[in-house]
Every structure is written in C-alpha cells, then in structure tokens.
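Enquirer: Numbering (the numbering used here), first residue to last: 3 to 315. All C-beta atoms in this analysis are idealised placements derived from N, C-alpha and C, irrespective of residue type, glycine included. Keep in mind it's a predicted model, so treat the numbers as computed, not measured.
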Amino acid sequence: MISTALTQLFDLRAPILSAPMAGIAGGALAAAVTRAGGLGVIGGGYGDRDWLKSQLAAAGNTPVGVGFITWSMAKRPDLLKLALDHAPKAIFLSFGDLRPFAPLVKQAGIPLIAQVQTLRDAKVARDEGADVIVAQGTEAGGHGSIRSTFTLVPEVVDAVGLVPVVAAGGVADGRGLAAALMLGAAGVLCGTAFVTSEETLLHPNVKAAAVAATGDDTLRSSVFDVARSIDWPEPWTMRTLRNAFSDQWADDFDGLRSNAAREAARYAKARDAGDTDVSAVIVGEGIGLIHAVQPAAQVVQRIVDQAEKLLAR
Ligand SMILES: Cc1cc2nc3c(=O)[nH]c(=O)nc-3n(C[C@H](O)[C@H](O)[C@H](O)COP(=O)(O)O)c2cc1C
Numbered sequence: 003m004i005s006t007a008l009t010q011l012f013d014l015r016a017p018i019l020s021a022p023m024a025g026i027a028g029g030a031l032a033a034a035v036t037r038a039g040g041l042g043v044i045g046g047g048y049g050d051r052d053w054l055k056s057q058l059a060a061a062g063n064t065p066v067g068v069g070f071i072t073w074s075m076a077k078r079p080d081l082l083k084l085a086l087d088h089a090p091k092a093i094f095l096s097f098g099d100l101r102p103f104a105p106l107v108k109q110a111g112i113p114l115i116a117q118v119q120t121l122r123d124a125k126v127a128r129d130e131g132a133d134v135i136v137a138q139g140t141e142a143g144g145h146g147s148i149r150s151t152f153t154l155v156p157e158v159v160d161a162v163g164l165v166p167v168v169a170a171g172g173v174a175d176g177r178g179l180a181a182a183l184m185l186g187a188a189g190v191l192c193g194t195a196f197v198t199s200e201e202t203l204l205h206p207n208v209k210a211a212a213v214a215a216t217g218d219d220t221l222r223s224s225v226f227d228v229a230r231s232i233d234w235p236e237p238w239t240m241r242t243l244r245n246a247f248s249d250q251w252a253d254d255f256d257g258l259r260s261n262a263a264r265e266a267a268r269y270a271k272a273r274d275a276g277d278t279d280v281s282a283v284i285v286g287e288g289i290g291l292i293h294a295v296q297p298a299a300q301v302v303q304r305i306v307d308q309a310e311k312l313l314a315r
C-alpha cells in the first residue's frame, strides 16, 4: 500500500482523489471512488442547490468531499453552508479567491483542499490554512491555465512546506501516479481518468468519443464557455476535445457572440442528444491513456496496481 501524508490525513488506501467535475461527478462517482480506497469529490459546479442536495443524498453514508468553482459559489455562498451542514470529508475550492471562504471551512472543522494553477496562488492557499494543495497543470481536462504539471508540482512542493501537495493534470495511469510521487506530491487528483467511468453523469456518446480520442485531439479554449454564455474570468480556459463546433468558432469569438442565441440553442440541443460534433467532450491530454468505460473502482485499482509495481522496481 502506498502511504503518504494525503492517505494519512484522510485515512485512504489509495492516494487518489476524483475531481469535482461540474454536473458530471455526482454522489455515485464520488462514493465509488471513496469505497475503492481514494477520496471522491462531488462537483458542485455552477450552483444548482437541488442538484447538490440530490447528489449528497446519492452518496449515502459514504464519506465524500464537495467541490466548488469558487468564483461561481461566491454568488451563492448558501451552497457552501449546505455542503458544510452535511459534514463532508473535505471542501474543495478552485478557480477564484478562496480567502472569504477558507475561515468558514476551517471553523467548521472540515479539511480544506485548494486547487491552484500558479505558485502565487499556492502560497495564498498555504497562508489561508489549506490542508491540501492541488497543483493543476495545463494538461488537465476542464478549466485550468498554462503552467505544466511537471514543473508546477515540484515548485509548489518546495514552496508550501509541510502542506501535502496533490498533482493534477495528465495523470491517468500508474506511471503518472508514480511520477507525481517522485515530484514530491502526496497523491494525485484525476478527472479525465474518471470521465469514462460507469458512474459519471454523461451521455454514452460522450464516453464513447472520449475513449476513442488521443491526447492530440484536445484544445484549451474559451469557445464552449462563450457558447454556453458562462462568463469565466481570466486566466481560466477549458480543455476539451476539438470538434466541428470548436473548428468553426475557436478563432472567431466575435462571430460566435453575434450569433449567440442561435448557437446557444444549437449547443444545448446537441448536449441533450449526446451530439459530440457540437457539444463539448471535456477531457484532458490524459484521455489518450484511457481505453474503456469501466467502473470507477477499477480505475482506482488499475492506477494503484501499476504505480505499486513501478515503485517496487
Ligand atoms: C469533465 C471535467 C470537468 C471538470 N470540472 C471541474 C469543476 O467543476 N471544478 C473543478 O474544480 N475542476 C474541474 N475539473 C478539473 C479537475 O478538477 C482537475 O483539475 C483535472 O481533471 C485534472 O486533470 P486530468 O483531467 O488530466 O485528470 C474538471 C475536469 C474535467 C475532466
């Protein structure tokens, strides 16, 4: 068994967190990851209170964390209170200023996990008392920024003293976990590796498109945020698969904005129908290492088994 500061902090059998993927990582995925020995995190996303309640219920008695997109949650701080009232195993904050919320989490006695994309924000998270800092590189699926995992992780490790650091971005098998540990991380956070899990709340077409893709097929852009009229602040852009929609609009945001109503309707219809030529398949470069739709427990086991073999050599 791999024992690290992360596994000791949360009493885990595997140094793996599943990412709080907005609307995709519900209670079933989070609970499955926790039962497999890691720590599953529900993706609180853009602030749907009923959805969050239902997913907390779906996790049942299995301890899970709850993640928020901080700039979005700042408009609905009642959601943080809702999550804290459920005594989650951790609160996970990314993308935005955590300073107004860190004291609330700490006062509730809940561990705070902060995901950052820069050394500067890692230091802020350390100073605010984050119990775990996730250093997210640009390889990551979903929103992120421009630093790469390979350099960001050891730089953050060196800067934050005893705070356990978790590597995120491009880790999708045991080679990635073993490498992350060598960089000084105490574990990994995986999103892309779990996108094709049986438990994720995604159309089967999306999972099929993800399984068929390679790391060459991704793009980091704001094109799908513009299409969905989600006003993401800088510096965050979203890594997805390229498709016909991004080919048409990624270099023409003005054109997309001037056809906003039509394109938003087309996008929403495509998302509901699982049409991956138009709607986003949100994955990172690690998708090239994922070859099947599997239960999340098998994903955890596969990553850990391979890392243990490599580390034993
Ligand atoms: C489909 C998808 C949705 C995501 N949504 C969120 C989110 O809502 N909040 C968040 O903090 N991170 C989100 N992320 C980013 C993850 O937290 C994490 O940094 C990333 O998945 C790690 O890189 P990987 O995809 O290579 O494993 C998402 C990632 C994916 C793949």
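From the DSSP output, in three-state form, read off Leu164 for me.
Expert: As a first step, residue 164 is located in the sequence shown; it is residue number 162 there, counting from the start. Here Leu164 sits in coil by DSSP.
Enquirer: Given that a residue counts as buried once 16 or more other Cβ atoms are within 10 Å of its Cβ, and exposed if not, what is Ala61?
Expert: Numbered from its first residue, the sequence shown carries residue 61 at position 59. Per the 10 Å Cβ criterion, buried.
Enquirer: Does Ile289 come out as helix, strand or coil in the three-state DSSP assignment?
Expert: The count along the sequence shown starts at 1 and reaches residue 289 at position 287. The answer is helix: DSSP assigns Ile289 an H, G or I state.
Enquirer: Just how far apart, CA to CA, sit Gly178 and Ala137?
Expert: Here residue 178 is taken as the residue at index 176 of the sequence shown, counted from 1. Here residue 137 is taken as the residue at index 135 of the sequence shown, counted from 1. Each residue's alpha carbon lies about 14 angstroms from the other.
Enquirer: In whole angstroms, give me the CA-to-CA distance for Asp279 and Leu154.
Expert: In the sequence shown, the residue the question calls residue 279 occupies position 277. In the sequence shown, the residue the question calls residue 154 occupies position 152. One C-alpha to the other measures close to 33 angstroms.
Enquirer: Buried or exposed for Lys91, please, with buried defined as at least 16 other CB atoms from any protein chain shown within 10 angstroms of its CB.
Expert: Numbered from its first residue, the sequence shown carries residue 91 at position 89. The residue is buried, with at least 16 neighbouring Cβ atoms inside 10 Å.
Enquirer: For a test of the three-state rule: what should DSSP assign to Val107, helix, strand or coil?
Expert: Position 105 of the sequence shown, counted from the start, is the residue given in the question as residue 107. Helix at Val107.
Enquirer: At a threshold of 7 angstroms, does His145 count as lining ligand 1 (C-beta to nearest heavy atom)?
Expert: Here residue 145 refers to the residue found at position 143 when the sequence shown is read from its first residue. His145 Cβ: within cutoff of ligand 1.
Enquirer: Between the region 200-207 and the region 223-240, are three or more C-beta pairs nearer than 8 angstroms?
Expert: no
Enquirer: So Ala309 is in the alpha helix (DSSP H); what residue range does that whole segment cover?
Expert: Translated into positions along the sequence shown, residue 309 becomes position 307. That run of the alpha helix (DSSP H) goes Ala298 to Ala314.
Enquirer: Give me whichever residues DSSP pairs with Val43 in a beta bridge.
Expert: Within the sequence shown, the letter at position 41 stands for residue 43. Note: Val43 sits in a beta bridge opposite Gly67.
Enquirer: So the alpha helix (DSSP H) Val295 belongs to, where does it begin and stop?
Expert: In the sequence shown, residue 295 corresponds to position 293, counting from 1. Counting along the chain, Val295 falls outside any alpha helix (DSSP H), and DSSP gives it neither H nor E.
Enquirer: Going by DSSP in three states, Val35 sits in which element: helix, strand or coil?
Expert: Here residue 35 is taken as the residue at index 33 of the sequence shown, counted from 1. Helix, per DSSP.
Enquirer: Could you give the distance in angstroms between the alpha-carbon of Ser5 and the alpha-carbon of Ile289?
Expert: Sequence index remark: in the sequence shown, residue 5 carries index 3 (1-based). Sequence index remark: in the sequence shown, residue 289 carries index 287 (1-based). Here the alpha carbons of Ile289 and Ser5 stand approximately 27 angstroms from one another.
Enquirer: Taking only heavy atoms of ligand 1 into account, decide whether any of them is closer than 7 angstroms to the Cβ of Met23.
Expert: One-based indexing of the sequence shown puts residue 23 at position 21. Indeed, a heavy atom of ligand 1 lies less than 7 angstroms from the Cβ.
Enquirer: From the DSSP output, which residues share a beta bridge with Asp94?
Expert: Taking the sequence shown and counting its residues from 1, the one referred to as residue 94 is at position 92. Here the sequence assigns Phe to residue 94, which means Asp is not the residue at that position. Note: Phe94 sits in a beta bridge opposite Gly69 and Ile115.
Enquirer: In the DSSP output, which residue or residues are listed as bridge partners for Gly49?
Expert: Position 47 of the sequence shown holds residue 49. Answer is none; Gly49 lacks a bridge partner.
Enquirer: Within a Cβ cutoff of 6 angstroms, which residues of the same chain sit near Ile71, ignoring the five residues on either side of it in sequence?
Expert: By 1-based counting over the sequence shown, the position of residue 71 is 69. Contacts found: Phe97.
Enquirer: Using only the heavy atoms of ligand 1, determine whether one of them is closer than 7 angstroms to the beta carbon of Phe97.
Expert: Counting from 1 along the sequence shown, the entry for residue 97 is found at position 95. The answer is yes for Phe97.
Enquirer: In three-state DSSP terms, what is Ser224?
Expert: Along the sequence shown, one-based indexing puts residue 224 at 222. Coil, per DSSP.
Enquirer: Using only the heavy atoms of ligand 1, determine whether one of them is closer than 7 angstroms to the beta carbon of Gly42.
Expert: Counted from its first residue, the sequence shown places residue 42 at position 40. Answer for Gly42: no, Cβ out of range of ligand 1.
Enquirer: If we ignore side chains and look at the alpha-carbon of each, how far apart do Glu265 and Gln109 end up?
Expert: Locating residue 265 in the sequence shown gives position 263, counting from the first residue. Locating residue 109 in the sequence shown gives position 107, counting from the first residue. The alpha-carbon of Glu265 is positioned some 44 angstroms away from that of Gln109.
Enquirer: Cβ of Gly2 within 8 angstroms of Cβ of Val302?
Expert: For the chain, the structure presents residues 3 to 315; residue 2 sits outside this window and is missing.
Enquirer: Across which residues does DSSP place Thr242 in a beta bridge pair?
Expert: One-based indexing of the sequence shown puts residue 242 at position 240. According to DSSP, Thr242 bridges with Leu221.
Enquirer: Return the chain-ordered list of same chain residues with a C-beta closer than 6 angstroms to the C-beta of Pro297, the five sequence neighbours on each side being excluded.
Expert: The residue labelled residue 297 in the question sits at position 295 within the sequence shown. Answer for Pro297: Glu200, listed in chain order.
Enquirer: Run the CB neighbour count on Asn63, radius 10 Å, all protein chains shown included, and call it buried at 16 or more, exposed below.
Expert: Start at 1 with the first residue of the sequence shown, and residue 63 comes out as number 61. Asn63 should be labelled exposed.
Enquirer: Looking at the structure shown, is Ala137 part of a helix, part of a strand, or coil, going by DSSP?
Expert: Start at 1 with the first residue of the sequence shown, and residue 137 comes out as number 135. Per DSSP, reduced to three states, the secondary structure at Ala137 is strand.
Enquirer: What's the C-alpha gap between Lys55 and Ala314?
Expert: Residue mapping note: residue 55 aligns to position 53 of the sequence shown, counting from 1. Residue mapping note: residue 314 aligns to position 312 of the sequence shown, counting from 1. Inter-residue distance for Lys55 and Ala314 is about 43 angstroms (C-alpha atoms, whole angstroms).
Enquirer: Along the chain, where does the alpha helix (DSSP H) that runs through Val339 open and close?
Expert: For residue 339 there is no data in the structure shown, the boundaries of the chain being 3 and 315.
Enquirer: Candidates Gly176, Val295 and Asp307: which alpha carbon is nearest Lys209's?
Expert: Locating residue 209 in the sequence shown gives position 207, where the first residue counts as 1. It is Val295 whose Cα lies nearest to the Cα of Lys209.
Enquirer: Under 8 angstroms, with one C-beta from each stretch per pair, do the region 232-242 and the region 255-264 reach the 3-pair mark?
Expert: no
Enquirer: Can you give the Cα-Cα distance for Ala309 and Phe255, rounded to whole angstroms?
Expert: Here residue 309 refers to the residue found at position 307 when the sequence shown is read from its first residue. Here residue 255 refers to the residue found at position 253 when the sequence shown is read from its first residue. Roughly 42 angstroms separates the two Cα atoms.
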